[in-house]
Every structure is written in structure tokens, then in C-alpha cells.
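Numbers 183 to 1080, taken from our numbering, label the letters of the first sequence in order. Taking it in order: structure first as C-alpha cells, then the write-up.
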Amino acid sequence: MSENQGFRYTAALAAEIEQRWQDRWEAEGTFHAVNPEGDLADPTAGELGEKYFLMDMFPYPSGAGLHVGHPLGYIATDVVGRHQRMLGKNVLHALGYDAYGLPAEIHAISTGEHPRDNTLANIANMRRQLRRLGLGHDERRSFATIDPDFVRWTQWIFLQLFNAWFDPEQQKARPIAELVEKMGTSDPAVIDTHRLAYVSESPVNWCPGLGTVLANEEVTAEGRSERGNFPVFTRSLRQWNMRITAYSDRLIDDLERVDWPEPVKLMQRNWIGRSHGAHVDFASPAGPIRVFTTRPDTLFGATFMVLSPEHPLVDALTTPEQAETVAAYRETAAAKTDVERQADKHKTGVLTGSTATNPVNGEQIPVLVADYVLMGYGTGAIMAVPDGDARDAEFAEVLGLPTVEVIAGDTIVNSSNDDVSLDGLSVDDAKSTIIAWLETSGHGTGTTTYRLRDWLFSRQRYWGEPFPIVYDEHDNPIAVPDHMLPVELPEVPDYSPRTFAPDDVTSEPEPPLGRVDEWVHVTLDLGDGPKQYRRETNTMPNWAGSSWYELRYADPHNGDELVSAANEEYWLGPRETGGTGGVDLYVGGVEHAVLHLLYARFWHKVLFDLGHTSSEEPFHRLFNQGYIQAYAFTDARGTYVPADEVEETVSDAGVPTFTWNGEPVDREYGKMGKSLKNVVTPDEMYDAYGADTFRVYEMSMGPLDVSRPWETRAVVGSQRFLQRVWRLVVDEETGESVVTDAELDAATLRVLHRTIEGVAADMDGLRFNTAIAKLIELTNHLTKAEVTARAAIEPLALMLAPLAPHLAEEIWARLGHEGSLARAPYPVADPAHLVADTVLCIVQVQGKVRAKLDVAADATEEQLTELALGEANVQRAIDGREVRKVIVKAPKLVNIVV
RNA sequence: GCCGACAUGGCGGAAUGGUAGACGCGAUGGUCUCAAAAACCAUUGUCCGAAAGGGCGUGCGGGUUCGAGUCCCGCUGUCGGCACCA
């Protein structure tokens, strides 16, 4: 190292500064947030002031460690948290770990290492990598979902759901005791079917390749597991379910009360899939056939009916002549999976031989069986209106069935009987008219259906929360009492569920806990003396812990309650009447739009109904971050080659070509991953540039919600910026401070206060990329003007503090301040310095810029017009034509129209 | 098929209906150096021009406006969600 490197802001110096400040922050508890009560309260703190509760989506501690894409959101939330703290808020920001998960279990299966040991090691590694980033977290509030103390409350919440039912009249959950009282019985056969957590024998998604069942949300449109991409089959099994469908309306309606990105709200609405329509009964020889339709206004156009092959009335409706045809059709349909049915694009179906009566006009219409009608939605039977529905039209054409025109433009035609006429009405009016008629005549009712299914909650895995449930001698589920929680996982000889060939349809789930006989069969005294019970051997899905963890950050060590009322209300309670409450900012990827965010909202609402929270929604404001993507390169054989060894050459035409070891390679764009040989780690960035440079680079790459490619060679730009800042404060040769007490010149004052104003607005809007650009401009101005006055350096350091906190602290200290700047006030622009004496005025002719004038800020329209017309270039553009109009937006713009 | 988002230099990106391309990377030229790296300075949308200046330019085609990357209508492409949902 040469002499003058000694005081330069190099990676080595950055590392020294950064680690020193990280140690000091930890020692001083700089980022501790004060609670209203409990162990994290501080009686000496006085008024707590306004709170700001900030959250990142729970990470899963992967064994592979972090790559540079992972910290993007954590850096962003840290910038927000530090900024809010400097605005005087009491900021709650911590990070826990979603630590149950398939990778640890798979690792355990292959190595025999306990998943807990492996998971805890991964958490330790991740904590180390993240600490080096300098995140301002309250580390006292960190936890993992596998901590017995956390599992205890996850199980407690499960029992809240088990011990509650949904009252459709009040549209809320109520204690099950109130249902027992209302029904006048405690018979499990009656009561258990109403619980919010209930066991049912129902069709579930069985995935032999994973050896477990899956929730609907975990199955892709292609009928495969979202995790692992294994085939999924429908099996009827006894499993735990959560009655999330009871909350369909509130889950949709309350989306309007939260501050979330529209696309996410839309995805949730579509997933819940509420559609308004009517149930209509069609008389038939086998009794009424009930259909669901969203278009009752087209009833007069119903020319046939279609039942799903699984519909219970098919047998009764099939005439002897058609029996063989129908039986054969149903057999073929049954042999097909859902995916195969959908893959078949052309519609098939057969006549039952019976007819049904269209209630609006008494017409006898044929009843058919076809597999494009699904048993799982609506009633499994439809009225077919070829004039309105494309599928019905296609089917009618295949079978030569008639079409009656009932829709002309946006009005209804050919639709009247002796009682009612829809002719000439709009679709909406026709719907309400016909529903009223159906209800008075007893042929049907207006109704609403949902696409959402109940949440399948059992998994046949080892590494998850055990259910706090035992079964008695009648096989009825009994809650394990509160004082026996948590129910801990037993040690097992083998962590794997029985897995099968991925396409083995006949396989049956077999959870690993079922093999630990002495754990499964227990003697407990549940109030009526010691008795034999059998434990539930399924475990909860990974979503359990993440469905309520926001509450625990607010009161992480509370042994008596999930969260104390005062702590919950302070951190999460609504801040205006009618508000939902919830976390002030929740940042994470859009891939959780449906799964995690729907489950968490559901549990939070149940806890609200039962009086455990004052907030109705867990996350008031949601922000979806983009991803850091990367290029990967393949050689002629399609094998990935190390991305950091690929050389790029750009032709004169601007077309890049890529070579590795002289061989041409192909570039592809996507994720970062070990197998793609394109991983860049934060550790490499710390070594080469330091954490502050890495943070500034990630934040400057583009808007937070947009994905963008990683480019290591561009990181140096952020380092050069921080080096220029450093040089404003420190002499690189002597290490001495160069800061002066000089007064700022007018130009610098104006640049400084414009920067303060602009950066403040950008920080509020989470536009860190443009905030950084403005700070660079200020720094470049100070460098060029050779201004090193304290009056400029102090606000620069304060504005830099959320983004590059270690460097900012170091400068702050060198300016003579004793304490951390974590709570120093964020700079505020002085309006007096925002106004300029002269401004740039753009002169346009026909909307095209022809001159730029330096004019007095208070110039009048007349003065500006005169000045503009006096410009030679403007006169040349006017070219002797008559000036028809002059538009003046004083003092910045003059547009001359000829 | 339905719903949604996006489209700007060689690259990442910036622009309350008012100077398109801030800021950064890269590239080119220079300072320093025996030399190189680093750092610093300058130039950098494109075409014509020595310059002054001018033409063209925000995926494509129209429109509104004194003025459109921005607003409206119609396309194309890329990405995401849902998908025989009655």
C-alpha cells in the first residue's frame, strides 16, 4: 500500500469503519424500540411519541447463504427505518426467521442431522451476513418459528380457531361455547362440523412425490406441486381444514381499506372469486335440478342443461336407451385427471334422454352430461345459453342443439312470459327483475358463490408444528390444554414421510410422527382423570408461523399472552377511527400475493373477532419489491460456465458477443443460482467495496418495485461517490479534517436546499435511486466549488445516513459530535434559499425550443414576451410569419404560435 | 382465452402535460506516471454542418393540445396472475 492510500476511502478503510460502528450500535442498543409495557418498556423514556412499525417478509434461512439479490428489501426497509427514526418516530424494525421448511427436512433425511441443528446453523450464518450490512434492527425482538416459545403461541392460535365458530349473522368468529349454548348440545358430531379448524373427509391434493397433501394454493394451474413440481392427484382423505371461506366477504371487502398495490388486491379478489348470480331450479323427472348462473337475465335463452359426470342426479335422469352411452361417458371422464380434461380442447358430452322444464317459459329442454361442467364449482349443473356463453355455443354446435337469441347489443330481447318481461332492459336491470320474479314464484333465489376453498392444514411431514390435539376413544379431537403447550416434536428414528414414485396414484400418506408409538399414545388427565389418548400425527404447514408473526414482534418475550393489549394497540392498533390498523410498511416479493398474505389476513381477523387484537388487518401498507436478476452463460453443449469469467465484446453496430476461454457462449437472463454459476455474494461485495458502497449501489440501481440485472462492474460508481464525500471531509494524504467553518456562498446554499427538499420528497416516496442521484449532484457541486464548510457537510452527512450509515456516522463523529446520528434530526429545507433571483426561461416556437433565457424570477408575461421576441434565433424560427398567439407560463416558459 | 403490469441511448435508469435522456456504468480523449492500475478532468442519443445552427428521436398507427415519453382510441411485443368458475 502506498503512503497516500492510508487515508483514502478504500474497501479496507470502509471495513474498519463499518465494523467499529456495528459494534458500537450493538453495545449502545442504538436501535432498540421502546414498548409501552412489559420487559421492553423503559420507564425513563418518557412519552413514546409516534410509532413506525416496519417489516420485511420473513426469510427462510437457506443453507446456501445469501446472494446479492436477497438483501435488496432488507436494505430498503433499513433505509426507511433510519429515515423515520431521524424524523423522530419510535421505529420497530426486527427480523425473525421462518425456520420450518422442506430443505432442512430433506437435508435431515439425507444426512441424519436433526433439522433443528441444521436450521440453527443456517440462521447463525444468515445473521452474520446481515449484521455486516449494518441493519438497524432491534435484535432483542428477533425469533424463529421453531423456538418452543413461538411454537407455543402458534399452537395456542390453532386452538383459538378450534374453539371458535363463524356466526353468519354477525359475520364474525365467536367462542364455540356460545354455539353449544345456542344449539343446546355439546355433541361433537354436531359441534365439530362448525369449528373454524375442523377435520373433514374431503377431496384433497395428494402429492406422492412429496409424500404429503397440499393446499389448493400450493398447486399450480398445471396440476403440479408449486414446490418441486411433482404431479398432484385428488384423493379423498380425513384432514384438518381451516374455514377461511367463512371470511370470503370480509377478505374481499377489507382490501379496500388497506394501502396495497392494486395488482395484489386484484389477485386476491380473483383467488377468492366472488360471483353474484342466482340459483334456479329446473323441474325434471328426477326432481328439481338446481343450477348456479351469473346471468339469470339470459334464462329465456337456456335451450339445454348440462350436468357434470359426477352429478348425483345423473343416474336418475338417464333413460334406459341412453344408459350404456352415459355409463361409458362417465367412465372415460372418471379415468381422466383434471389436467387431462382441460387439455382436451374440444367439448364432448352425451344426452341423458330426459328433459327438464325451463321455469320461465315451460319449455322442455334436453339434459346432457358433459365434463366441461365441474362438480367442484357452483352446483355441478348449468343451464346452457348458447347465445350468451361461448362454451355453451361451442357445445351446442357440436351436438346440433338450438340457439335462441336473447342478447342484442346491451339489452335483453325475446324474454317475456305472462308475469314478467325483460325485453329492452339492460343486463343489470334484467338481472334484478328476473331474480325478483324467481324468488316470488319460488323457482330460485339470488345468491353468491366463491371460488375460494377451505384451507387444507395438515401435512404429513416431520419438520413442522405438531397439532395441539389428541383423540379420545371415540376418535373425537380434543384440545390439549393451555398449560401443556407447547406440544413438542418427538425425536424420530427417520425424518422422512413415506414418499412414493411421483406418479403413484394408489399411494397413501404416512406421516413420520406416526412411527413414534410412545409419543402417539399418551395418558393424560384432561379433567376427568388419567385416560389414554392418541396424538394427532400430522404437522402444520409452513404457513402457520408466518400467519401471525407480525404480532409477536410487538411483544416477543411475553410468557403470559401472545401479545399484551397495550403493546398490540400501540404498534398495530388503528390510528384513525374506522382504520384497520396493522404494520405501517410491509416489504416483500409479489410471489406471496395470495398464499401467505391471505392466510395471515384470515388469522388476524379471527384473532380480532375473538378480542385478541385491536387491529383488523395485519399489514396496513404493502410494498412489492422487484428482484435482482442476473445473466447466465452456456457453452455449445448447453453447460453453464462461470459468469464472472465471460468476456464481452461489442461490435461497431453495438451488438455484444460473449466468449469464455475463447469459446463463444450464449447469454440468458434470470435468477441467480449456484447451478447457473452466476452467484455474487454480499461477502464478496463487503471485501471489494464495503457495506456502505454495496447498500448505495443496490438502492441506486432503479426504483424499488422493478426488477433489474445485477452488474458488478457498475458498483464502482457508488464507491467513487462515497470517496468524493470522504474527500470533502478528510485529507487523503494526512488524514486531517479539511472541514472549515466558512459561510456558504449563494449558489451552494441554493443547491443545498434544493437537494434537501428533493431528497426529503424522494425518501418519503421510497424513491431512493433519485434521492441518491440528488446527493451525488450536491457532492459533485461541493467538489467542483471546493466547498468543505461544515454548514454543507453536516446536512450532507445526515441525508446520507439512512443510505450509507457507517460513513455518515464516521463523518458526524469527525465533525465533533459525541453520540450516534441515528436520532439526529433529518435536514429541513429553508424556503428562503429555494427561490432564485434569476431562472431559466425556455422559449419555444410552435412547441420547439428555440432559445433559453436567464430572466428575473418575477418577470411579467409582457416582459418575457418582449425578451423572447427579441431573440435572433426566435425571429429566425418565426421566419416573418404572423404571431397568432403567445402562451406564457411565467417565468419558465414562452411558446410562440404562428 | 380472460385479467393485470410494462416498453425511453451501448447498459441500469431520470423526467407535477412545458429544455427528453438527471444520476450511474461503459466507451473515447486528456492529466498524473518510466509504465500501468487507481484517481481526477472533458466528451458521449442520432444524422447534416468547420461552427452557428438545423433535421430526426421515448415499441407501432391514429387523436386531443399552443405544447405529449406523460392524456385518449386502436395495435404489437415482453413479463406476471387465472383458466371449461357457469
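Each residue gets a CB set at the ideal place from its N, CA and C atoms; glycine is no exception. None of the values given here were measured: they were computed from a predicted structure.
Put simply, the backbone Cα of Y851 is about 7 Å away from that of Q811.
As for any beta strand (DSSP E) of minimum length 3 sitting wholly inside the region 354-419, the runs are 354-357, 379-389, 394-396, ordered along the chain. Taking a C-beta distance under 7 Å as the contact criterion, V440 and T762 qualify as a contact pair.
The beta carbon of L254 lies closer than 7 Å to those of Q807, I810, E880 in the same chain, with the five residues before and after it left out. Beta bridge pairing from DSSP links S919 with V912. Annotation note: the region 1004-1040 contains the following uninterrupted beta strand (DSSP E) runs of length 3 or greater, listed N- to C-terminal: 1020-1027, 1030-1038. Counting the other CB atoms within 10 Å of its CB gives M666 a total below 16, which places it among the exposed residues. Closest by C-alpha distance to K1071, out of Q1045, R1058, A1054, is Q1045. In this structure, DSSP gives M883 a state outside helix and strand, which the three-state scheme calls coil. The alpha-carbon separation between W619 and T485 amounts to approximately 20 Å. Note: W842 is bridge-paired with E845 in the DSSP secondary-structure output. Counting C-beta atoms within 10 angstroms of its own C-beta, R310 has fewer than 16 neighbours from the protein chains shown and is therefore classed as exposed. Inter-segment contact for the region 674-681 and the region 754-771 is absent: fewer than three beta-carbon pairs are separated by less than 8 Å. Under the three-state reduction of DSSP output, F464 falls in the strand class. Of all C-beta pairs linking the region 901-921 to the region 858-875, three or more are shorter than 8 Å, placing the two stretches in contact. Residue ranges of uninterrupted beta strand (DSSP E) with 3 or more members, entirely inside the region 616-700 and ordered along the chain, are 626-631, 651-653, 659-661. Taken through DSSP and simplified to helix, strand or coil, S614 comes out as helix.
Residues of the same chain with a CB within less than 7 Å of the CB of R456, apart from the 5 flanking positions on each side, are S430, I434, T630, Y632 in chain order. Straight-line spacing of the CA atoms in G316 and E200 works out to 7 Å.
Closest in alpha carbon position to I993, among V1068, W908, I958, is W908. The region 971-987 and the region 997-1014 touch, with three or more beta-carbon pairs separated by less than 8 Å. Excluding sequence positions up to five before and after W785, its CB lies within less than 6 Å of the CB of S729, W730, all in the same chain and listed in chain order.
Nearest to W453 by C-alpha distance, out of L779, S368, E321, is L779. The residue from R1058, E893, E1048, V1056 with its alpha-carbon nearest to that of T863 is E893. In this structure, G318 sits near D260, with a CB-CB distance shorter than 7 Å.
A straight line joining the alpha-carbon of A359 with that of N740 spans about 27 Å. In this structure, E830 places its C-beta atom within 7 Å of the C-beta atom of P838.
By the CB criterion at 7 Å, V446 and Q421 fall outside the cutoff. Looking only at P225, E976, T537, E732, the smallest Cα-Cα distance to T922 is reached by E976.
When G231, K966, K856 are compared, the shortest CA-CA separation from T930 is found for K966. Comparing alpha carbon positions, the residue from V216, F240, M557 closest to G231 is V216. For W725, no pairing in a beta bridge is given by DSSP. Between the region 585-593 and the region 469-483 there are three or more C-beta pairs closer than 8 Å, enough to call the two in contact.
In the structure shown, I810 falls within a strand segment according to DSSP collapsed to helix, strand and coil.
DSSP, reduced to helix, strand and coil, places W442 outside both helices and strands of the structure shown, so it counts as coil.
A distance below 6 Å between beta-carbons, with the five flanking residues on each side excluded, links M557 to the following residues of its chain, in chain order: S490, E492.
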